[in-house]
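Enquirer: Per the numbering used here, the sequence shown starts with residue 51, numbered consecutively.
Where a beta carbon is used, it is the ideal one built from N, C-alpha and C, also for glycine.
Because the structure is a prediction, the values reported are computed rather than measured.
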Amino acid sequence: MAKKQDRYAVGIDIGGTGIKGGLVDLKKGRLVGERKKRKTPPGAPIDAVIAAVVKVYEEILAQDEAAGLDPAVGLCMPSVMRHGVSYTAANIDEAWIGFNARDAFTKAIGKPVSLVNDADAAGYGEVRYGEAADDLGSVLVLTLGTGIGSALIHGGRLFPNTELGHLELNGKPDYERYASAKARERENLSFEAWGERLTPYFRHLEAVIQPDEFIVSGGISKQADEFLYLIDIKTPVKVAKLKNNAGIIGAALLGAEGWD
């Protein structure tokens with residue numbers, strides 16, 4: 051039973067619009083049973099989000115696939131997380147800032163949990179099970195969505211809270227507002243015009259971080275064939291494989307590893 055216990059963990063991804071989670075097979079890096087989801091309460095206030103997370107957790111454990119298991123639990127959310135404390139709040143209530151969220155979730159769920167930034171969880175999952183699986187070099191995962199999320203992994207280990215979407219570049223004080231997928235949609239940019247914004251950003255990261263490869267994730271990655279070739283850099287740029295389950299899978303793995 052001990053080996054079976056170690057093979058599975060629960061991952062829950064808390065977002066500004068939805069809270070989703072599942073039981074993850076850590077050997078195969080994929081969900082077992084159904085993914086459970088609830089809408090994020092309007093404004094994402096602390097108590098309501100915690101209550102919704104508990105419901106998702108209970109629904110996951112109620113599945114036949116979880117029978118007899120007491121799996122580790124990992125959570126992720128759109129915030130800089132340091133030792134369980136939230137330091138920023140992206141699309142969630144500002145009351146989360148300075149709040150010891152990990153302790154609150156631990157108390158509500160009834161067992162220790164890990165809690166990390168959502169981009170870090172997704173990136174970590176991608177490096178362990180996705181496009182960059184088994185790459186022990188330096189991998190920079192960038193999520194092109196509402197903003198630009200980032201996760202830096204080297205030697206299979208996560209360097210958390212990089213927040214590289216907020217770099218000042220070319221006179222833009224917060225570059226994600228200029229080059230995110232949302233910015234492209236808002237300004238109705240062609241992929242060619244968007245590529246002209248992405249290239250200097252990727253070149254800058256290439257120069258200062260020198261990763262072995264970039265992995266691009268986010269919903270827009272489904273259209274990778276239409277824009278990846280426009281990012282003119284020397285470092286390989288690849289497409290993420292885990293899609294919308296990356297955060298769940300990465301959070302579950304970090305929970306099993308006892309991330310602090």
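1) Who pairs with K288 in a beta bridge, going by DSSP?
2) Could you pull the DSSP bridge partners for K43 from this structure?
3) Please confirm whether L219 and T212 have their CB atoms less than 8 Å apart.
4) Pull up the CB-CB distance for Y107 and G65, whole angstroms please, since I reckon it's below 8 Å.
5) Could you check if A101 is buried or exposed, using at least 16 other CB atoms within 10 Å of its CB as the buried criterion?
6) Would Y179 and I69 qualify as a contact pair, given that the criterion is a beta-carbon distance under 8 Å?
7) Quick check on Y137: does DSSP put it in helix, strand or coil?
8) For L76 versus G83, is the C-beta spacing smaller than 8 Å?
9) I want to know whether the region 234-251 touches the region 164-183 - three or more CB-CB distances under 8 Å.
10) In terms of residues, what are the limits of the alpha helix (DSSP H) holding A122?
11) Just to confirm the assignment: which complete alpha helix (DSSP H) runs, minimum length 4, are found wholly within the region 189-264?
12) Note down the Cα distance separating K78 from D120, rounded to an integer number of angstroms.
13) Report the three-state DSSP secondary structure of W309 (helix, strand or coil).
14) Grouping DSSP H, G and I as helix and E and B as strand, with all else coil, what is T156?
15) Taking the straight line between their C-alpha atoms, what separation do you get for A182 and N295?
16) Can you determine whether any heavy atom of the ligand SAH sits closer than 7 Å to the C-beta of I283, and answer yes or no?
17) With H, G and I counted as helix, E and B as strand and the rest as coil, what does DSSP make of L280?
18) Based on the DSSP output, what are the partners of L186 in its beta bridges?
19) Which residue marks the beginning of the beta strand (DSSP E) containing L165, and which one marks its end?
20) For the alpha helix (DSSP H) that E181 lies in, which residues bound it at each end?
21) For I62, which of R132, Q273, V163, G93 has the nearest alpha-carbon?
22) What is the residue span of the alpha helix (DSSP H) that S108 lies within?
23) Compare the Cα-Cα distances from G195 to each of G148, A59, G206, N141 and report the closest residue.
24) Assign P128 to one of two classes, buried (16 or more other C-beta atoms within 10 Å of its C-beta) or exposed (fewer than that).
Expert: In short, the structure shows the following:
1) Locating residue 288 in the sequence shown gives position 238, counting from the first residue. DSSP output for K288 lists I265 as bridge partner(s).
2) This structure cannot settle anything about residue 43, because the visible part of the chain is limited to 51 through 310.
3) Sequence index remark: in the sequence shown, residue 219 carries index 169 (1-based). Sequence index remark: in the sequence shown, residue 212 carries index 162 (1-based). Contact flag unset, no.
4) Sequence index remark: in the sequence shown, residue 107 carries index 57 (1-based). Sequence index remark: in the sequence shown, residue 65 carries index 15 (1-based). Y107 to G65, Cβ: 16 Å. No contact.
5) One-based indexing of the sequence shown puts residue 101 at position 51. Counting the other Cβ atoms within 10 Å of the Cβ of A101 gives fewer than 16, which makes it exposed.
6) Position 129 of the sequence shown, counted from the first residue, corresponds to residue 179. Position 19 of the sequence shown, counted from the first residue, corresponds to residue 69. No, they are not a contact pair.
7) The residue labelled residue 137 in the question sits at position 87 within the sequence shown. Reduced to three states, the DSSP call for Y137 is coil.
8) Within the sequence shown, numbered from 1, the residue matching residue 76 stands at position 26. Within the sequence shown, numbered from 1, the residue matching residue 83 stands at position 33. No, they are not a contact pair.
9) No: the two stretches stay apart, fewer than three of their Cβ pairs being nearer than 8 Å.
10) Position 72 of the sequence shown, counted from the start, is the residue given in the question as residue 122. Run containing A122: none in the alpha helix (DSSP H); it sits in the beta strand (DSSP E), 122-127.
11) As summarised for the region 189-264, the continuous alpha helix (DSSP H) elements at least 4 residues long and confined to that stretch are 226-229, 231-236, 241-259, given in chain order.
12) Walking along the sequence shown from the start, residue 78 turns up at place 28. Walking along the sequence shown from the start, residue 120 turns up at place 70. Cα atoms of K78 and D120: separation of roughly 19 Å, rounded to the nearest angstrom.
13) The residue labelled residue 309 in the question sits at position 259 within the sequence shown. W309 falls in the coil class under three-state DSSP.
14) Stepping through the sequence shown from its first residue, residue 156 is reached at position 106. Note: T156 maps to helix in three-state DSSP.
15) Position 132 of the sequence shown, counting from 1, holds the residue named residue 182. Position 245 of the sequence shown, counting from 1, holds the residue named residue 295. In this structure, the straight-line span from the alpha carbon of A182 to that of N295 is close to 16 Å.
16) The model depicted lacks the ligand SAH and carries no ligand whatsoever.
17) Walking along the sequence shown from the start, residue 280 turns up at place 230. Helix, per DSSP.
18) Looking up residue 186 in the sequence shown gives position 136. Under DSSP, L186 takes part in no beta bridge, so it has no partner.
19) As a position in the sequence shown, residue 165 is number 115, starting the count at 1. Boundaries of the beta strand (DSSP E) harbouring L165: 163-167, taken from the DSSP string.
20) What you label residue 181 is simply residue 131 of the sequence shown in a count that begins at 1. Following the DSSP letters along the chain, one finds E181 in no alpha helix (DSSP H), marked with neither H nor E.
21) Residue mapping note: residue 62 aligns to position 12 of the sequence shown, counting from 1. It is V163 whose Cα lies nearest to the Cα of I62.
22) In the sequence shown, counting from the first residue as 1, residue 108 sits at position 58. Reading the sequence as shown, one finds Glu at residue 108 and not Ser. Run containing E108: 96-111, per the alpha helix (DSSP H) assignment.
23) Taking the sequence shown and counting its residues from 1, one reaches residue 195 at position 145. Comparing Cα-Cα distances from G195 to each of G148, A59, G206, N141, the minimum goes to N141.
24) Along the sequence shown, read from residue 1 onward, the residue named residue 128 stands at position 78. With 16 or more other Cβ atoms within 10 Å, it is buried.
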